[in-house]
Every structure is written in structure tokens, then in C-alpha cells.
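Have a look at the structure below before the remarks.
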């Protein structure tokens, strides 16, 4: 069960050709250098870009099938999507943003409490920090009760300390969820921490040796040891 996808798409620089899967309650981390096709992949999963060929399935529901001519709109895919650039409505309060399209207002209150936003609920996005805005964006995505959560470099614009804190919070709350999560990052440490499975993407294709090439030359003490302790670096073998 969960999410499965076969995606093919020509871009200006390379052709994307990937096959991926993510069981319910698990997180798939897409890792790779900038410009490798990770964002295009997650946009295809969201329905914001159309694959040239392929199929996207969640459980028994087909979200996209090039052969059958099926292509559900993003709204019908019942997903939560968090961008890296604080996709909040500037005229709404943090609570108004978090509650936008929410299924249950009580869940909004619970999420805002978990992320430490209750005292800031009546403030506008421009009145809080970047970390607080991104916490609100995550609340908004989760409050929709999505069947799939997509996160595209959600913390990349934040400082190191805030980034570490937020990913700890995110991992803690995701342990209680039952839907699949696809998490895009170029940070190896983040991918190993967040993902149950890590899928390296380079120039539009799966490159299972990429992380070994990046990590192996590292001279920092403990770098390879941290990678070895990661959550069974499945690398989708």
C-alpha cells in the first residue's frame, strides 16, 4: 500500500526517468545536488507538472496514468504541500493560514500548540520569524488531513539551529501519522535523519552510488559514522 510512481519527463537539461514507492506511515527522502530534478519529481506527484509518461498511484486510487488518460488535479489528489518559501497568505493571521481548508478546527489548535504557535495565532506572517512562518506552513498542510504529504526543501532558507529544531519537531509528529511523506532535500544529514528510505536523484535518474561518492571523501571526523547509523539507508535497492 502507499504511494507508487513511475515518472518520465523530458526537461531542457536531461530526461527524468524514475520509479519510486513510499509505504503508508513512512518517509521517502529525495536527495541530490541542486538542479537534479527533485523538485520536478515532487511537482509531478502533486499534479503541478504533467509527466510525459508514467503512472502515479496512491493505494487503489490512480492519480495519473498516461496510458488511460487519467490526470487528477492537485485539489483532487488530497495532498499537503510545503514549499521552501513560506507559502502563506499575507493578509491572514497564522491561525487563519493554518485553518485554511482544514478538516477539523480542533486539529488546527492541536497542531499550533505542538509547534509552539498558540501565542502567535493572531499575528500576520510578516510579524513573525521565518521559522515560525514555516511551522505555520507545516500546520496548514497537516490540518488538511492529507492522504499524502510533500515537502520541498521546507527548511532550506532557515538558519542551522532553527532548521535542526524544525526537522526534529517534524519527525516527532510524523511518527504519529499514517500517510506517506516525500521529502526533498540536498542536505545528506537531513535526508538520513528524516527518511526511512533515501533515494538519490542525479540528472533526473536514480544514482545509488551518489551518496557514497559524496560521503566517502569527507575528512570530518564522524561523518561516515553518522551515515552508517542512519535509519537503514535502504537507498531503494
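Residue numbers (the working numbering): 351 to 587. Idealized CB from N, CA, C, for every residue including glycine. If you're wondering where the values come from, they're calculated on a predicted model, not measured in any experiment.
Residue burial annotation: residue 483 is buried, with at least 16 other C-beta atoms found within 10 angstroms of its C-beta. Residue pairing for residue 556: DSSP places it in a beta bridge opposite 551. If the five residues before and after residue 540 are omitted, its C-beta is found closer than 7 Å to the C-beta atoms of 517, all from its own chain and listed in chain order.
In the structure shown, residue 430 adopts extended strand secondary structure according to DSSP, grouped into three states. Counting only runs of at least 3 residues, the segment 420 to 479 fully encloses the following beta strand (DSSP E) elements, listed from N- to C-terminal order: 429 to 432. Less than 9 Å separates the beta-carbon of residue 493 from that of residue 457.
Annotation for residue 401: 357, 358, 359, 394, 414 and 416 place their beta carbon closer than 7 Å to its own, counting only its chain and skipping 5 residues before and after. With fewer than 16 other beta carbons inside 10 angstroms of its own, residue 563 counts as exposed. Only residues of its own chain outside the window of five on either side were considered, and among them 371 and 407 have a CB closer than 6 Å to the CB of residue 354, listed in chain order.
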